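Asks: Quick note: the first sequence, position 85, residue 85 per the UniProt record's numbering, numbers continuous. A virtual CB, placed ideally from N, CA and C, is assigned to each residue, including glycine. The structure displayed is predicted, hence computed values, not measured ones. Handing you a structure now.
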Amino acid sequence: PSFVFPTFQGSSPEGDFPAVLTHKDVTVTLENNNVWKQFHSCTTEMILTKQGRRMFPYCRYRLSGLEPMRMYTLVLSIVPADQYKYRWSNSKWEPTGIGEHHDQGLSRVFSHHYSPSQGSAWMTSLVSFYKLKLTNNMSDEEGHIILHSMHRYIPRLHVIPAVDECMTFVFPQTEFMAVTTYQNFRITQLKINHNPFAKGFREEGSCSRLNRIITKVRHVTEAG
DNA sequence: TCTCACACCTTTGAAGTGG
DNA sequence: CCACTTCAAAGGTGTGAGA
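Here it is as structure tokens:
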């Protein structure tokens, strides 16, 4: 199956994108659609690092309509959403020329760690690609997905039955900008508020980061 | 723009504990 | 045995300064 990628809009009204896609009796639900929609409305950004960075949000699906006894491999690929490179300018993303060529030889896919499994196994639990890591290191040997910073990408879920043809599912709201430093402050705030690993940066109640810093400074001052 | 050391946090899994 | 708790190590965060 081929896909037409949506045109770039920067932000879009909520509810534009389906949380459910169906192809040949197979239905895929983007389970964390609400979080993706929040990020997408600010244009999602994903950090690239040399050693590899997890995505947040990550792709989390619920599948139905698979043949229970059949074996399937589930794979996530991340492909360019368009041919441009971008810059963050005046609080907006704007195209700034033709992007880097997407090296097919270098492009990588991420096979879910339960692959292959029976259809029944895939359908009884959520399928989360939280282990997937993104890197800008062209010489990466860890098998991470290699992307170019300041380019726009879209994840695709591939459902591959043992011998039949591959089914590909694309949720436009999972599109993101690859960056090495967050450009949009609103994205940083969304990450901090939603990702458990970033809890240390939340400003809540009397235990805020600012208060802790002040306390620490006071401590050092009193000790010295 | 990119990289790194860092404080701060969650997650993981082994070891301990009681029924 | 099993279920639950405790604990320390491993490892995921954005930061902020320097390149």
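On the DSSP bridge assignment, give the partners of Phe169 in chain order.
Replies: Leu157
Asks: Taking the alpha-carbon of Thr73 as reference, which of Pro116, Glu94, Thr49 has the nearest alpha-carbon?
Replies: Ranking Pro116, Glu94, Thr49 by Cα distance to Thr73 puts Pro116 first.
Asks: Relative to the C-alpha of Thr180, which candidate in Lys133, Met167, Ile160, Glu45 has its C-alpha closest?
Replies: Glu45
Asks: With Arg186 as the anchor, note down where its alpha helix (DSSP H) starts and where it stops.
Replies: 185-194
Asks: Decide if Pro196 is buried, meaning its Cβ has at least 16 other Cβ atoms within 10 Å, or exposed.
Replies: With fewer than 16 other Cβ atoms inside 10 Å of its own Cβ, Pro196 counts as exposed.
Asks: In the segment 25-67, which residue ranges form an unbroken beta strand (DSSP E) of at least 3 residues, counting only runs that do not cross its ends?
Replies: Note on the segment 25-67: whole beta strand (DSSP E) runs with a minimum of 3 residues are 26-30, 45-47, 60-64, in chain order.
Asks: Tell me, which residues are paired with Glu88 by DSSP?
Replies: The question names Glu, yet the displayed sequence has Trp at residue 88. In DSSP, Trp88 forms a bridge with Trp93.
Asks: Tell me which residues share the same chain as Glu203 and place their Cβ nearer than 6 angstroms to its Cβ, disregarding the 5 neighbours each side in the sequence.
Replies: For Glu203, where only same-chain residues beyond five positions count, there are no Cβ hits under 6 angstroms.
Asks: Which first and last residues belong to the alpha helix (DSSP H) in which Ala121 is found?
Replies: 119-124
Asks: Only counting the same chain, and skipping five residues up and downstream in sequence, which positions put a Cβ closer than 8 angstroms to that of Arg212?
Replies: Residue confidence is low: Arg212 scores 46 on pLDDT, short of 50, so the model does not pin down where it sits. Its coordinate-derived value is still stated next. Closer than 8 angstroms at Cβ, skipping near neighbours: no residue.
Asks: For Val163, name the three-state secondary structure that DSSP assigns.
Replies: coil
Asks: Start and end of the beta strand (DSSP E) containing Thr135?
Replies: Judged by DSSP secondary structure, Thr135 falls within the beta strand (DSSP E) whose first and last residues are 133-135.
Asks: Helix, strand or coil for Thr73, going by three-state DSSP, please let me know.
Replies: strand
Asks: Name the two residues that bound the continuous beta strand (DSSP E) containing Ser111.
Replies: 109-111
Asks: With 16 other CB atoms within 10 Å as the buried threshold, where does Val20 fall?
Replies: exposed
Asks: According to DSSP, is Ala198 helix, strand or coil?
Replies: helix
Asks: Between the alpha carbons of Ser139 and Asp103, how many angstroms are there, rounded?
Replies: In this structure, the alpha-carbon of Ser139 lies about 13 angstroms from that of Asp103.
Asks: Using only the alpha-carbon positions, how far apart do Arg186 and His23 sit?
Replies: So the two alpha carbons sit approximately 35 angstroms from each other.
Asks: When you compare only the Cα positions, how much space is there between Ser89 and Glu100?
Replies: 20 angstroms
Asks: Across which residues does DSSP place Phe129 in a beta bridge pair?
Replies: DSSP lists no partner for Phe129.
Asks: Is the segment 82-97 close to the segment 119-129, with three or more CB pairs under 8 angstroms?
Replies: no
Asks: According to DSSP, is Thr22 part of a helix, a strand, or is it coil?
Replies: In the structure shown, the three-state DSSP call for Thr22 is strand.
Asks: Bridge partners for Ser151 per DSSP, in chain order?
Replies: Looking at the sequence provided, one finds His at residue 151 rather than Ser. Answer by DSSP bridge pairing, in chain order: Lys85, Ala178.
Asks: Using a 10 Å radius around the Cβ and a threshold of 16 neighbouring Cβ atoms, would you call Cys59 buried or exposed?
Replies: buried
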